[in-house]
Structure formats: C-alpha cells, structure tokens
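Undergrad: These protein sequence lines map, in sequence, to chains W and P.
Here the numbering used here is used: the first residue of the first sequence is 3, the next is one more, and so on.
Here the numbering used here is used: the first residue of the second sequence is 38, the next is one more, and so on.
Just so it is clear, CB atoms sit at the ideal spot from N, CA and C, and this is done for glycine as well.
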Amino acid sequence: MSDTRAAFRGWSWLTASMVQRFLREGMVLRSMIFPVALVVFVLVGTVGFVTWWRVEGAALTPALATPAFRAAIEDAGGMVIVTDTPEAAVRAGQAAFGSDGKTLWLDHTGMPPQKLESAFRQQLGTAWRPYQTSDMRSSASKSDASSTGIAQFIGALFAMYGVVFGAGAIARDRDDGTLDAELSVALPMWVSALSRWSAATIVLGLFYAMSVAMLHAVIGLATPWALAINGATAASTAAVVGMAAIGRGGKTRGFAGPMSAGLVIVMSLFSAGLTSPEWALNLPIASLISTEVGVAPLLALALGPIYAWWFARRVAVG
Amino acid sequence: MIEVHDLRKKYVTASGKPTVAVDGLSLVVQPGEVYGLLGPNGAGKTTTLKMLATLIKPDSGTIRVDGVDAATDPLGVRARLAYVPAEAGLPPQLSPREIVRLFGAIQGVSDPGPRAVAMLERLGAGSYLNTPCGDLSTGMKRRVVLARALIHDPQVLMLDEPTDGLDVLGRRDVLELVRGQAEAGRTVILSSHIMIEVERVVDRLGIVAHGRMAAEGTLAEILAASGKSTLDDAFVHLAHPEDAA
Numbered sequence: 003m004s005d006t007r008a009a010f011r012g013w014s015w016l017t018a019s020m021v022q023r024f025l026r027e028g029m030v031l032r033s034m035i036f037p038v039a040l041v042v043f044v045l046v047g048t049v050g051f052v053t054w055w056r057v058e059g060a061a062l063t064p065a066l067a068t069p070a071f072r073a074a075i076e077d078a079g080g081m082v083i084v085t086d087t088p089e090a091a092v093r094a095g096q097a098a099f100g101s102d103g104k105t106l107w108l109d110h111t112g113m114p115p116q117k118l119e120s121a122f123r124q125q126l127g128t129a130w131r132p133y134q135t136s137d138m139r140s141s142a143s144k145s146d147a148s149s150t151g152i153a154q155f156i157g158a159l160f161a162m163y164g165v166v167f168g169a170g171a172i173a174r175d176r177d178d179g180t181l182d183a184e185l186s187v188a189l190p191m192w193v194s195a196l197s198r199w200s201a202a203t204i205v206l207g208l209f210y211a212m213s214v215a216m217l218h219a220v221i222g223l224a225t226p227w228a229l230a231i232n233g234a235t236a237a238s239t240a241a242v243v244g245m246a247a248i249g250r251g252g253k254t255r256g257f258a259g260p261m262s263a264g265l266v267i268v269m270s271l272f273s274a275g276l277t278s279p280e281w282a283l284n285l286p287i288a289s290l291i292s293t294e295v296g297v298a299p300l301l302a303l304a305l306g307p308i309y310a311w312w313f314a315r316r317v318a319v320g
Numbered sequence: 038m039i040e041v042h043d044l045r046k047k048y049v050t051a052s053g054k055p056t057v058a059v060d061g062l063s064l065v066v067q068p069g070e071v072y073g074l075l076g077p078n079g080a081g082k083t084t085t086l087k088m089l090a091t092l093i094k095p096d097s098g099t100i101r102v103d104g105v106d107a108a109t110d111p112l113g114v115r116a117r118l119a120y121v122p123a124e125a126g127l128p129p130q131l132s133p134r135e136i137v138r139l140f141g142a143i144q145g146v147s148d149p150g151p152r153a154v155a156m157l158e159r160l161g162a163g164s165y166l167n168t169p170c171g172d173l174s175t176g177m178k179r180r181v182v183l184a185r186a187l188i189h190d191p192q193v194l195m196l197d198e199p200t201d202g203l204d205v206l207g208r209r210d211v212l213e214l215v216r217g218q219a220e221a222g223r224t225v226i227l228s229s230h231i232m233i234e235v236e237r238v239v240d241r242l243g244i245v246a247h248g249r250m251a252a253e254g255t256l257a258e259i260l261a262a263s264g265k266s267t268l269d270d271a272f273v274h275l276a277h278p279e280d281a282a
C-alpha cells in the first residue's frame, strides 16, 4: 500500500475517532449546545412575552377619546394615549394605532391584536381609511440586521471555542501520552495534527450550522448560507490558531500564555473585519462580519494542512 | 534487534540552561531478549526511548532497528516497533475495543475489529472491552496499552516505566506479559527505576546515570563489577557513587 493511501487511511480513522471523542465529552457537548439553546430560549421567550404581555398603545385625539371609546380600547387590552398628533405618536413608535377619526394610522412593526382593531372599527364606523406608517422593506431590513447580528455573535463565540478546542486537542493528548503513542506508529506525523484540525472543524462547523439553521427557522436570516460558511471558516481557523499557540505546551508549561495569545489573535482578526469591508470579505474570522462569501473559506482550508506540515517539522519531534 | 551507537542529546531548559540528557550512550538488544534500562529520575531513560521511537531527534549518534536506520527511514523504524509511553495515553471517552481497533486500523492491520477483541482477550482485558477507559484501573489500563502496542505484531517493544503506579499483582501480571513477548521472539527494552521488577524480568540491563552508561551486562556481571551483593546496592554504587561513598 502506498504511503499516500496509508496516510489517508490514518487521517480518516483518526479524524473519526477525534470526532467521537469530542461528541462523547460532556463538557464539550454542553458548550456546543449552549449557543443553540441560548438562541432558542431568548427568541422563544421574547416572542412569547411580547405576544402575551404587550400592551398596545392607541393614540387618539382629545375629541375622539370619549369614555366609551376609552373603555372599549382598554377592554381590548390597549392603552389610550391622548394626543393632538396621533400620527406622530405612531411614527415615533409610542403607539401601534392612532386615529383622528378620519384616518387610522397603523404601525406594522408591531403585532396589533384583532380586538383592538375591531374596537376602532366599531367606534369609527366607515368614515376612516387605514394608513400604514412603516415601510415594509425597511422593517424587514431592521429585522435581518438584528438576526444577522445574533448569528455573527454566535460565530464569534464559536471562534473562541475553536482556540480552546485546538489547543486542548494537542495539549491534553500530549500530557496523557496519547499523542506520543499516536506519533510512534508508522504514519507521517502531520496526519495526527491534520486529523485533530479536521475533527475540530467538523464538530464546530456542525454545531454552528445548527445554530444558524435554528435562527433561520425561528426569525429568518437574509443570508444563512454565507453566515454558516463564514462561521465555520472562523471556527476552523481559530482551531488552527489554538493548535499553533499551544505549540509544545501543556500542563508543564501552562495554558494561560498560549490561550491568551490565541484569543488575542482571534479577536484581532474579528476587529479587522469591523474596520475594513475588504478584510471582512476575505480574511478568515474577519469574515464573520460579512454577509457574503469571499476567499476566506479557501484560506481557512489551506491553513489546516499548513499547520499540519509545520507540526510535523517543528512540534512533533523534539 | 536494536543497535544504538554514541547517542547524544542536549536540551535547553525553560530557564535557558543547556542540559545534557544523553551523553554518548551505546547499546545492543538482541531478538528474544529483555533489556532493562535502569537509572534514577532524570538519567535520560525516557529521552533514550523516545529517540529510539523517533519521537526525538538525536543531536548525534546512530539508531538501527532491525537494520533500518532511524535517521534515514523513521517510518520504517516505527513500522517495526511499538512504543509504550509511561503515561497510559488512553482517551477516557473511548473503550479498549475502540482504541485497539483504531491503532490496528491506522497501521493497516486487516480486520482490526476482531483482532482487537482477540488481542484484548489474550491479555486478560476481555471483561472490560466496552468500558470507557476513564473508568478503568491503572492495572486494567496497562493491559489495554499492551494490546494497543501489540496489535500490529511489532518485532520490537519499548516500554517506558511499564509498572509505574501498579500494585503488586498488577506489576506481576505486566512483567509476565513482558517476559512472554520476549519468549515469542520479540526484542524488548524497558526502562524502570524499580530494582526488584528488573531483576525478575530482564536478561541484561544497563545502568544509566547523567545520560551515560555507567554499567552494562547480566545481573551477575553487574553485581560482580560493583562488588555488591544486591542490585539495589549495585545501582546506588554505580548510579550515585557520591551517595555510596
């Protein structure tokens, strides 16, 4: 069997074994599920709270705010705001409805209950016309921006996990002798490093993709594929950063220095994305900021093998 | 067969101080022989074994395993040997069956699954094949480590402190297993600082002190050379002459 086939066989077995180890490790699994669970909890909780507890404001002119109409609105769960300028109150977001008796201004970013609308119809009869104050497109854009922001925040979280995963995958196995046992078999030494990076990329990428998919299902994302690819790219790159930062370190040399260095690199790249759209598009980890896909994923894919080559030359053999 | 000639290795410590770990060490171990590398902590035993396993590059000197030069063909050397580090190196999330099968598979062993089970059963680990290694005792782990080392049927077995942390029964079991490997024709080299186990299992031994071979030979030869009646006394005399004086 050729060396290349042997290396490929070794890489595939070791990668599968590392994935199995990551997924069986309780702490690791919990840390992966945490962002997904957090997203679902926050979104479902917020939507639920707003649906059940939101008091819709109804802005009325003084002439319109008769005791009977006030009572009807309050019975429908609304709160009456008396103002000379109901349209301004609706546009300012102070009320979901507003009327001067001729026009009914509606804010479609809110969720006006049917009972409130029905009270308006009964009180005003047919001598009015609805007027939508919010532009639907800008409303959708605002929503996209916030959901994209959540996905990017989770991506940054996974990038930090990547540093820990990468560093841990090397240091822990070096300290307990697993790495020495693995490196003493008849395989090129880069195989061990490449399989660890591959496993970290698979596990982090999988869980990040799950987070993005859940966000997309619950609140919708304008560019879910780009976010998923850029997030997986960031996690994969961060794993390389962690593995390179730990070097030959472990419990004898301590973790604080290498981990700090790795996290500083990750945060610096993330900050670079905030400062320049060019970098955001093409630099791994910086691309978390982008909603498009540039060359960052290709660079990230190249970094793993480059690290593995360096590991075999400078790290594995003392 | 292991042939080592004039092996040297220097380190620079974390504080920047150069330290000689191995200083002109030479030895030969024949097939079917158990060779004990004895020495106090820091004598250079582990460094020597790691150089034999091609995990550390020597500064100078030559290593040949079954005629294959470690400098020019490290993969060829690794194909012929099994290195058992002092730490068990068993991921706690995986079971003995999974670990031994993995090492069989990555080394191209055919039917690694059934062979892993057979090897574990032969070494007395059949009752905990599927137990996560994190739940095993030190003695159980040693059996798994040996099964992992032997799955690809190596000609040379190198064990670093194989009985470290074991109780009396566990130590006896492991030493019997080691002896059995030599009787099966394998070349075995082990490092230790526990005299009584070395006496029981080795054919020849080398006492290493400060990276150098202080004495080498059979137990009788070592005792004769040191003028002492026990290996303990001979070891102190040869490895720590300042303490013996």
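Spatial neighbours of residue 113 of chain P within its chain, please: C-beta separation below 7 Å, excluding the five flanking residues on both sides.
TA: 105
Undergrad: Around the C-beta of residue 232 of chain W, are 16 or more other C-beta atoms found within 10 angstroms, so that it is buried, or is it exposed?
TA: buried
Undergrad: Hey, which unbroken runs of the alpha helix (DSSP H) at 4 residues or more fall wholly within the region 168 to 256 of chain W?
TA: Note on the region 168 to 256 of chain W: whole alpha helix (DSSP H) runs with a minimum of 4 residues are 180 to 185, 192 to 220 and 226 to 248, in chain order.
Undergrad: Enumerated in chain order, which unbroken segments of the beta strand (DSSP E) with a length of 3 residues or greater are wholly contained in the region 234 to 272 of chain P?
TA: 241 to 246 and 249 to 254
Undergrad: For residue 277 of chain P, count the other beta carbons within 10 Å of its own beta carbon; 16 or more makes it buried, fewer makes it exposed. Which is it?
TA: exposed
Undergrad: With a cut-off of 8 Å, does the C-beta of residue 214 of chain W fall near any C-beta of chain P?
TA: no
Undergrad: Below 8 Å on C-beta distance, what does residue 21 of chain W contact in chain P?
TA: By Cβ distance, chain P contributes nothing, its closest Cβ being about 11 Å from residue 21 of chain W, past 8 Å.
Undergrad: For residue 115 of chain P and residue 258 of chain W, I'd like the C-alpha separation in whole angstroms.
TA: 34 Å
Undergrad: Name the two residues that bound the continuous alpha helix (DSSP H) containing residue 17 of chain W.
TA: 5 to 26
Undergrad: Does the pairing of the region 82 to 100 of chain P with the region 263 to 270 of chain P give three or more beta-carbon distances under 8 Å?
TA: No contact exists between the region 82 to 100 of chain P and the region 263 to 270 of chain P.
Undergrad: Determine the closest residue to residue 235 of chain P out of P:136, P:56 and P:213, with distance taken between C-alpha atoms.
TA: P:213
Undergrad: Can you give the Cα-Cα distance for residue 142 of chain W and residue 70 of chain W, rounded to whole angstroms?
TA: Its pLDDT being 47, under 50, residue 142 of chain W is placed unreliably in this model, and the coordinates cannot settle the point.
Undergrad: Looking at the secondary structure, which residues open and close the alpha helix (DSSP H) in which residue 266 of chain W lies?
TA: 258 to 277
Undergrad: Is residue 227 of chain P helix, strand or coil when you go by DSSP?
TA: DSSP places residue 227 of chain P in the strand class (E or B) of the three-state scheme.
Undergrad: Excluding sequence positions up to five away, which residues of its chain have a Cβ less than 6 Å from the Cβ of residue 211 of chain P?
TA: The beta carbon of residue 211 of chain P lies closer than 6 Å to those of 179, 199 and 200 in the same chain, with the five residues before and after it left out.
Undergrad: Please work out which residues of its chain come closer than 6 Å, Cβ to Cβ, to residue 240 of chain W, disregarding the five sequence neighbours upstream and downstream, and give them in chain order.
TA: 161, 164, 165 and 268
Undergrad: Just confirm the distance between the C-beta atoms of residue 245 of chain P and residue 76 of chain P, as a whole number of angstroms; I'd bet it's less than 8 Å.
TA: 4 Å
Undergrad: If contacts are defined as beta-carbon pairs under 8 Å, then residue 285 of chain W and residue 265 of chain W qualify, I think. What distance do you get, rounded to the angstrom?
TA: About 17 Å; that fails the 8 Å criterion.
Undergrad: Closer than 8 Å, CB to CB, is residue 122 of chain P near chain W or not?
TA: At a cut-off of 8 Å, the C-beta of residue 122 of chain P has a neighbouring C-beta in chain W.
Undergrad: Can you say whether residue 91 of chain P is buried or exposed, counting buried as having 16 or more other CB atoms within 10 angstroms of its CB?
TA: Per the 10 Å Cβ criterion, buried.
Undergrad: Apart from the five residues on each side of it in sequence, which residues of its chain come closer than 7 Å, Cβ to Cβ, to residue 139 of chain W?
TA: The predicted model places residue 139 of chain W with a pLDDT of 43, which falls under 50 and marks its position as unreliable, so this point remains unresolved.
Undergrad: Can you tell me whether DSSP reads residue 84 of chain P as helix, strand or coil?
TA: helix
Undergrad: Could you run through the region 126 to 142 of chain P and flag, in chain order, every residue whose CB is less than 8 Å away from some CB of chain W?
TA: 126, 127, 128, 130, 131, 135, 139, 140 and 142
Undergrad: Which residues in chain W sit within 7 Å of residue 82 of chain P, going by Cβ to Cβ distance?
TA: Listed by position along chain W, the residues whose Cβ is nearer than 7 Å to that of residue 82 of chain P form an empty set, because the closest Cβ is around 15 Å away.
Undergrad: Hey, residue 242 of chain P and residue 73 of chain P: beta-carbon distance below 8 Å or not?
TA: yes
Undergrad: Run down chain P in chain order and give the residues with a C-beta less than 7 Å from the C-beta of residue 188 of chain W.
TA: 112, 115, 116 and 144
Undergrad: Is the beta carbon of residue 230 of chain P sitting closer than 8 Å to the one on residue 78 of chain P?
TA: yes
Undergrad: Can you tell me where the beta strand (DSSP E) with residue 56 of chain P in it begins and where it stops?
TA: 55 to 66
Undergrad: Between residue 11 of chain W and chain P, is there a C-beta pair that is closer than 8 Å?
TA: yes
Undergrad: Compare the beta carbon distance of residue 193 of chain P and residue 39 of chain P with 8 Å and say whether it is the shorter of the two.
TA: By the CB criterion at 8 Å, residue 193 of chain P and residue 39 of chain P fall inside the cutoff.
Undergrad: Quick one: list the residues of chain W neighbouring residue 90 of chain P, beta-carbon separation under 7 Å, in chain order.
TA: 186
Undergrad: Could you check whether the Cβ of residue 186 of chain P sits closer than 7 Å to any heavy atom belonging to the ligand MG?
TA: The model depicted lacks the ligand MG and carries no ligand whatsoever.
Undergrad: Can you give the Cα-Cα distance for residue 207 of chain W and residue 47 of chain P, rounded to whole angstroms?
TA: 42 Å
Undergrad: Counting only C-beta atoms, is residue 247 of chain W closer than 8 Å to chain P at any point?
TA: no
Undergrad: Can you grab the Cα-Cα spacing for the pair residue 97 of chain P / residue 195 of chain P, in whole Å?
TA: Rounded to the nearest angstrom, the two C-alpha atoms are 21 Å apart.
Undergrad: Name, going along the chain, the residues of the region 166 to 191 of chain P whose beta-carbon falls closer than 9 Å to a beta-carbon of chain W.
TA: 169, 182, 185, 186 and 189
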